[in-house]
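Each residue of the sequence shown is one higher than the one before, counting from 99 in our numbering.
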Amino acid sequence: MTSYKLAASVLAADFTRLGQSVQEAQDAGVEWLHLDVMDGHFVPNVSFGPAVVAAVRSVSTLPLDVHLMIESPSRMVERFAAAGADVITVHAEVDPHLHRLLQQVRATGAKVGLAVNPLTPLAVLEGALPYLDLALVMSVNPGFGGQEFIAGSLARVEALRRMRDRANPNCLIEVDGGVTAANVKAVVEAGADVVVAGTAVFGGMGPVADNVAALRAAVGG
Ligand code: DX5
Ligand code: ZN
């Protein structure tokens with residue numbers, strides 16, 4: 099039986115009823131909530147900050163997986179930890195001093211994640227593996243939900259899986275972007291331990307419980 103976690107990305111939820119959407123995802127059995135923080139600089143979109151993370155924290159006991167798509171994350175990581183983040187993931191592309199940044203995240207008490215964009219060499223993750231709890235492979239260009247999965251991402255996940263098994267078997271591999279019922283099985287089989295889904299969970303195609311059930315059924319037992 100394949101074991102993986104589903105992380106529901108609230109970016110695709112209806113923000114006018116965020117609390118109910120989070121509750122629906124929790125009731126549907128998702129293991130994590132994924133929170134996409136965007137600054138309008140590193141990515142061409144703005145989403146939300148620590149206040150919304152704290153609001154989600156106040157209505158859910160699920161692990162909060164905070165994905166920082168922001169420049170200069172070193173200025174903000176403590177605030178996200180204080181807001182209730184369980185995992186804080188920073189992008190490899192934003193800071194030349196990654197070792198220091200990862201140590202800073204570790205010092206907050208949150209789990210440490212590092213993300214790479216679709217064409218960023220995996221070598222940066224490989225080098226960082228000893229310091230990581232989570233390695234995030236972006237399968238779309240970050241900034242927006244509802245984009246198409248970049249097919250070459252599967253080979254990157256497979257390669258990262260081999261690196262992870264050698265260097266740090268405790269590090270989880272997360273895949274983020276464009277995951278649907280049509281490709282989630284391939285994503286899990288490639289090596290994802292945590293699968294992020296926004297549109298496929300909260301999109302307008304039906305109740306959240308049905309959407310989650312469709313993703314689960316697609317992976318199978
Ligand atoms: C994209 C975000 C993703 C996004 C995924 O920049 O990092 O987490 O919410 O949304 P879907 O599942 O719709 O591609
Ligand atoms: Zn994300």
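C-beta: ideal position from N, C-alpha, C; glycine also.
For G243 and P228, what's the separation of their Cα atoms in angstroms? So the alpha carbons of these two residues sit roughly 30 Å apart.
Span separating the alpha-carbon of A153 from that of M136: If you take the alpha carbons of A153 and M136, they lie about 17 Å apart.
Under 8 Å, Cβ to Cβ, is there at least one residue of chain B near L217? The structure shown contains no chain B; it is built from a single protein chain.
Collapsed DSSP secondary structure at V238 in the structure displayed: Residue state, collapsed to three classes: coil.
For V154, is the beta carbon positioned less than 7 Å from some heavy atom of the ligand DX5? Answer for V154: no, Cβ out of range of the ligand DX5.
Bridge partner(s) assigned by DSSP for T187: DSSP, once it has assigned bridges, lists H165 and G211 as partnering T187.
When you compare the segment 303-311 with the segment 139-153, are there three or more beta-carbon pairs, one atom per stretch, that lie closer than 8 Å? Fewer than three pairs of CB atoms, one per stretch, sit closer than 8 Å, so the segment 303-311 makes no contact with the segment 139-153.
Determine the closest residue to L200 out of A221, L220, L232 and T218, with distance taken between C-alpha atoms. L200 has its Cα closest to that of L232, out of A221, L220, L232 and T218.
Judging by CA-CA distance, which residue of L162, V222 and Q202 is the nearest neighbour of R173? When each option's Cα is compared against that of R173, the closest is Q202.
DSSP three-state label for S251, please. Judged by DSSP in its simplified three-state form, S251 adopts helix.
In its own chain, which residues sit with a C-beta less than 7 Å from the C-beta of G182, not counting the 5 before and 5 after it? By the criterion of a C-beta distance shorter than 7 Å, G182 is surrounded in its chain by V151, A152, R155 and L162, once the five residues flanking it on both sides are discounted.
Contact set for M261: own chain, Cβ-Cβ below 6 Å, skip 5 residues either direction: Around M261: E224.
Leaving aside the five residues before and after A295 along the sequence, list all residues of the same chain whose C-beta is less than 7 Å from its C-beta, in chain order. Hits under 7 Å: L104, A106, S107, V277 and L313.
For A233, write down the residues that DSSP places opposite it in a beta bridge. A233 has L212 and I271 as its beta-bridge partners, per DSSP.
I'd like the span of the beta strand (DSSP E) that includes D125, first residue to last. For D125, no beta strand (DSSP E) encloses it; the enclosing alpha helix (DSSP H) starts and ends at L116 to D125.
Would V317 pass as a contact of V282 if the rule is Cβ separation under 8 Å? A distance below 8 Å separates the beta carbons of V317 and V282.
In chain order, what are the residues with a CB under 5 Å from some non-hydrogen atom of the ligand ZN? Those residues that bring their Cβ nearer than 5 Å to a heavy atom of the ligand ZN are D134, H165 and D274.
Residue span of the alpha helix (DSSP H) that contains H195, given as start and end: Here H195 belongs to no alpha helix (DSSP H), and DSSP marks it neither H nor E.
Measuring only from the beta carbon, is G243 closer than 7 Å to any heavy atom that is part of the ligand DX5? Indeed, a heavy atom of the ligand DX5 lies less than 7 Å from the Cβ.
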